[in-house]
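There are 2 protein chains.
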Amino acid sequence: MQQSSKRASKDEIIQLPVPPLLDRLRQVVLSGDYPAGTALSETILAQEFNVSRTPVREALKQLQAEGLVEIRPKVGTFVREPSRREIVEMFQLKEILEGLAAGLMARRGPVPELTKLEANIEASEEAAQNGDSETYARLVHEFHQLIVDGSDHRKLAEQYRTLMNQLAYYQRLVASTVAHPGRISRSVAEHRKVVAMIQAKDAMGAEWAMRDHVVTSAREVATEQHQANG
Amino acid sequence: MQQSSKRASKDEIIQLPVPPLLDRLRQVVLSGDYPAGTALSETILAQEFNVSRTPVREALKQLQAEGLVEIRPKVGTFVREPSRREIVEMFQLKEILEGLAAGLMARRGPVPELTKLEANIEASEEAAQNGDSETYARLVHEFHQLIVDGSDHRKLAEQYRTLMNQLAYYQRLVASTVAHPGRISRSVAEHRKVVAMIQAKDAMGAEWAMRDHVVTSAREVATEQHQANG
DNA sequence: GCAGAATCTGTTGTATGCAAGTCCTTGACG
DNA sequence: CGTCAAGGACTTGCATACAACAGATTCTGC
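As you go down the protein sequences, you meet chains A and B in turn. Under numbering that gives the first Met the number 0, the first residue of the first sequence is numbered 0, with each subsequent residue one higher. Under numbering that gives the first Met the number 0, the first residue of the second sequence is numbered 0, with each subsequent residue one higher.
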């Protein structure tokens with residue numbers, strides 16, 4: 000009896016009652032409520048979450064390792080704003096990570112994610128025709144995530160997640176800017192090509208189609224951003 | 000007077016007297032003195048480094064994020080041993096990271112690292128002819144590091160470093176196994192090809208030459224390992 | 001009015017105490 | 001002899017107290 004309850008707590012139910020402090024703090028930073036440069040006081044955060052400073056401090060150090068905050072010794076912790084250079088670098092990493100993922104997925108053959116990708120493309124096309132940019136943005140995000148998940152590569156997925164976390168605030172900025180009308184159909188076509196390559200088990204073709212798509216998207220986003228700033 | 004000493008401490012001399020605890024603890028884990036699975040008691044480490052448990056605890060959490068140790072809640076901290084699957088995954092990441100680095104370096108044109116690479120190859124050839132496997136191993140490590148440094152990509156370099164840290168203990172294992180006699184000359188040839196592509200500013204060629212080299216090396220290492228175990 | 005020094009507030013960094021949990025060992029019992 | 005339960009020794013997790021430092025502010029002398 001005691002054993003059964005213990006086993007249940009070791010599976011996954013233990014995480015449901017209260018999410019770890021680290022995740023809650025990460026959500027605070029990623030929520031965007033605090034703009035870049037905002038100071039995050041350990042004391043205030045501790046009161047906010049009804050814990051002492053010690054666990055808050057440990058979590059903040061983790062977030063610093065993830066690149067989400069910057070801890071200036073003896074001064075304080077601040078929400079970090081990636082530099083232009085860092086953003087470029089992160090998109091380059093995004094390119095090769097997703098490229099590897101697509102190639103690996105092509106090698107795996109028929110997996111559940113492939114079916115979801117096909118459904119995703121159909122839904123994307125429909126959203127594009129209806130001009131539903133919000134659903135379309137969600138589907139694009141889902142597409143890239145399906146590629147990563149379908150690669151069945153844990154370390155890749157982990158690095159990809161931290162990378163996207165660092166790009167999250169930037170993504171928010173560009174999400175508001177509406178893409179060129181022609182861009183959407185071209186983007187869907189690129190998605191189609193990636194899926195086709197995976198279906199054909201053409202690993203190299205899938206990798207390059209994916210990388211090409213990421214590069215094109217990033218360039219588009221950069222010009223949008225440039226136009227918005229200029 | 001007091002001000003001058005303070006300014007000196009703000010430049011770079013402050014880090015020389017005593018390296019940060021995190022780095023010292025990382026060295027402890029990477030040194031290999033404690034085999035995988037060894038328990039690292041916070042109390043003992045604290046006494047060892049003449050500090051309290053709190054900073055030790057923070058550093059250990061960082062090392063867990065880096066994948067070097069595993070913290071089992073309420074049980075203890077242990078030196079982590081990557082699974083076979085993780086090693087395969089990390090070599091795949093190594094492949095695309097170094098590939099990207101080589102490609103970026105090709106795009107950069109003449110940089111100091113390129114000259115060092117040429118010198119490295121000559122030295123490698125000499126070490127190979129003399130059968131000096133120890134220097135050769137060191138030069139191989141330097142070659143890969145030069146590629147990464149020459150890419151001038153900070154985020155890549157950072158991820159590469161943590162990746163190689165996780166592979167460090169594994170590298171130690173295979174470093175003892177002597178490579179096939181024919182492998183060394185082939186490896187040097189692959190290095191030559193990478194450098195040639197970079198000199199020719201052929202980014203794609205450099206990327207693929209580098210990736211091919213990494214894949215070949217990894218496969219060689221894997222079979223060596225397999226033979227040693229079987 | 002102004003330059004510079006002392007002060008004061010708020011922050012982080014560290015040490016320590018205590019509670020809670022895990023695991024091993026020892027003992028009792030069938 | 002085997003099995004299971006209770007106890008103890010060890011660990012981590014958290015809360016709290018204190019010291020040290022950075023930055024802003026105020027005060028003083030001119």
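Ideal placement from N, C-alpha and C gives every residue a C-beta, glycine not left out. Source: prediction; values computed, not measured.
Per DSSP, what are the beta-bridge partners of residue i in this structure?
i, result
"residue 138(B)", "Answer by DSSP bridge pairing: none, since residue 138(B) is not bridged."
Under 8 Å between beta-carbons, which chain A residues line up against residue i? List them in chain order, please.
i, result
"residue 158(B)", "92, 158"
"residue 88(B)", "152, 153, 154, 155"
For residue i, collect the residues of the same chain with a Cβ closer than 8 Å to its Cβ; drop the 5 residues on either side in sequence, then sort them by chain order.
i, result
"residue 142(B)", "116, 119, 120, 123, 190"
"residue 187(A)", "120, 123, 124, 127"
"residue 34(B)", "78"
"residue 134(B)", "122, 126"
"residue 198(B)", "113"
"residue 169(B)", "81, 86"
Check the Cβ of residue i against every Cβ in chain A and list those closer than 9 Å, keeping chain order.
i, result
"residue 24(B)", "Correct list: empty, because the minimum Cβ distance to chain A is about 13 Å."
May I ask which residues mark the beginning and end of the alpha helix (DSSP H) holding residue i?
i, result
"residue 193(A)", "180-198"
"residue 31(B)", "Note, residue 31(B): premise wrong, no alpha helix (DSSP H); not H, not E."
"residue 57(A)", "52-64"
"residue 68(B)", "Careful: residue 68(B) lies outside any alpha helix (DSSP H), inside the beta strand (DSSP E) at 68-71."
"residue 87(A)", "83-107"
"residue 18(A)", "That residue, residue 18(A), is in no alpha helix (DSSP H); it is neither H nor E in DSSP."
"residue 129(A)", "111-129"
Excluding the five sequence neighbours on either side, which residues of its own chain have a C-beta within less than 6 Å of the C-beta of residue i, listed in chain order?
i, result
"residue 150(A)", "100, 103, 104"
"residue 221(A)", "none"
"residue 202(A)", "102, 105, 106"
"residue 44(A)", "55"
"residue 70(B)", "63, 76"
"residue 39(B)", "76"
"residue 110(A)", "149"
"residue 58(A)", "20, 21, 24"
"residue 208(B)", "192, 193, 196"
"residue 167(B)", "29"
With residue i as the anchor, note down where its beta strand (DSSP E) starts and where it stops.
i, result
"residue 37(B)", "Run containing residue 37(B): none; DSSP gives neither H nor E here."
"residue 77(A)", "75-78"
Quick one: residues in its chain with C-beta nearer than 7 Å to the C-beta of residue i, no 5 flanking neighbours on either side, listed in chain order?
i, result
"residue 92(A)", "162"
"residue 56(B)", "41"
"residue 51(B)", "45"
"residue 28(A)", "62, 67, 68, 78"
"residue 182(B)", "219"
Is it buried or exposed for residue i, if we count other Cβ within 10 angstroms and need 16 for buried?
i, result
"residue 89(A)", "buried"
"residue 206(A)", "buried"
"residue 218(B)", "exposed"
"residue 30(A)", "exposed"
"residue 212(B)", "buried"
"residue 6(B)", "Residue placement at residue 6(B) is flagged as unreliable, the pLDDT there being 35, under the threshold of 50; the coordinate-derived value follows with that caveat. So residue 6(B) counts as exposed."
"residue 47(A)", "exposed"
"residue 158(A)", "buried"
"residue 140(A)", "exposed"
"residue 216(B)", "buried"
"residue 172(B)", "exposed"
"residue 179(A)", "exposed"
List the residues of chain A that residue i touches, going by C-beta distances under 7 Å, in chain order.
i, result
"residue 39(B)", "The premise fails here: residue 39(B) is roughly 17 Å from chain A at the closest Cβ pair, so nothing lies under 7 Å."
Taking Cβ-Cβ distances shorter than 8 Å, what residues in chain B pair up with residue i?
i, result
"residue 57(A)", "56, 57, 60"
"residue 64(A)", "61, 64, 65"
"residue 230(A)", "The structure shown does not extend to residue 230(A), since chain A spans only 0 to 229, so no value can be given for it."
"residue 85(A)", "153, 154"
Does the ligand NAP have even one heavy atom less than 7 Å from the beta-carbon of residue i?
i, result
"residue 112(A)", "Absence of the ligand NAP from the depicted structure is noted, as is the absence of any ligand whatsoever, leaving it without description."
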